[in-house]
Amino acid sequence: MDRPRRGPHCGRHPRRLPAQAAARAHGQRGGRGPALNVKKPAGEVRIIGGQWKRTRLAVPDRPGLRPTPDRVRETLFNWLGQDLTGWHCVDAFAGTGALGLEAASRGAAQVLLVEQDPGLVAQLQSHQRRLKADAVRVQRGDGIAALRQCAPRSQHLVLLDPPFGAAQLFAPALQAAREAVAEGGFIYLEAPAAWSADDGGLVLHRHLKAGAVHAHLLQVQ
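Position in the sequence shown (from 1) plus 1 gives the number in my numbering.
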């Protein structure tokens, strides 16, 4: 795969998952993980693995801000095989940045964090500087619009965690992500209800329910 370009778009066409990571993720389709206790003291989350393991990220008081709990992220990256070396990723509703920074910590070559709230954008930029995260780019704006600007099939992983109260975002976010992700790549979706397999080209790879959260790993066919 060509070295990713920096710029307003999401990157070049990778065509397929890096072989090592794809092999680790292969063969687990349709499984169901255990229910997890996802309660976490308010105020912070931490990066679970990779070069920034145990780094703490502040969770500011924002209406609707609901970062993915540590144990759910740990399960997600277990599903993905831990090593994301060379992957191109978009965290389309970045919030605290916990999902996208976890991907970068585990070797992703390019991670775009998209967030609308200016205060959260400033915090994400602060994290990027503090971690010296050269693979991470922070963009203020609409996550769905950012996905639509990506070159088709240019991403290995798109992370979708829209506000649960904004039900109108889920369908267009999934559609935009499906167009942006390469064949064999993945979309992670957090939602208040189980995803129904009614979107062509997506297969449920893994699923867990953690409290009120349904976490899905979907694979693009």
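Beta carbons: idealized from backbone N, C-alpha and C, even for Gly. Just so it is clear, the structure is predicted and the values come from calculations on it, not from any experiment.
The beta-carbon distance between residue 187 and residue 81, rounded to whole angstroms, is 7 angstroms. This is short enough to meet the 8 angstroms contact definition. Between the alpha carbons of residue 121 and residue 144 lies a distance of about 14 angstroms. Residue 59 is classed as exposed because its beta carbon has fewer than 16 other beta carbons within 10 Å across all chains shown. Rounded to the nearest whole angstrom, the C-alpha separation of residue 49 and residue 150 is 30 angstroms. Per DSSP, reduced to three states, the secondary structure at residue 71 is helical. Taking residue 203 as reference, the option from 166, 221, 97 and 157 with the minimal CA-CA separation is 221.
Per the coordinates, the alpha-carbon of residue 177 lies some 27 angstroms from the alpha-carbon of residue 71.
Contact between the region 129–140 and the region 101–116 is present: 3 or more CB-CB pairs across the two stretches fall below 8 angstroms. Residue 114 has 92 and 139 as its beta-bridge partners, per DSSP. Between residue 111 and residue 136, the gap from beta carbon to beta carbon is short of 7 angstroms. Here DSSP, grouped into helix, strand and coil, assigns residue 144 to helix. Going by beta carbons, residue 163 and residue 174 fall inside the 7 angstroms limit. By a beta-carbon distance limit of 8 angstroms, residue 119 does not contact residue 96. Their separation comes to about 13 angstroms.
Cα atoms of residue 87 and residue 217: separation of roughly 23 angstroms, rounded to the nearest angstrom. A straight-line Cα-Cα distance of about 14 angstroms links residue 166 and residue 63. By the neighbour-count criterion, in which a residue is buried when 16 or more other Cβ atoms sit within 10 angstroms of its Cβ, residue 179 is buried. With respect to the C-alpha of residue 78, the residue from 66, 184 and 107 having the closest C-alpha is 107. Residue 93 sits away from residue 190, with the two beta carbons spaced by 7 angstroms or more.
Excluding five sequence positions before and after residue 74, the CB atoms of its chain that fall closer than 7 angstroms to its own CB belong to 49, 99, 100 and 103, given in chain order. At the C-beta level, residue 183 and residue 154 come within 7 angstroms of one another.
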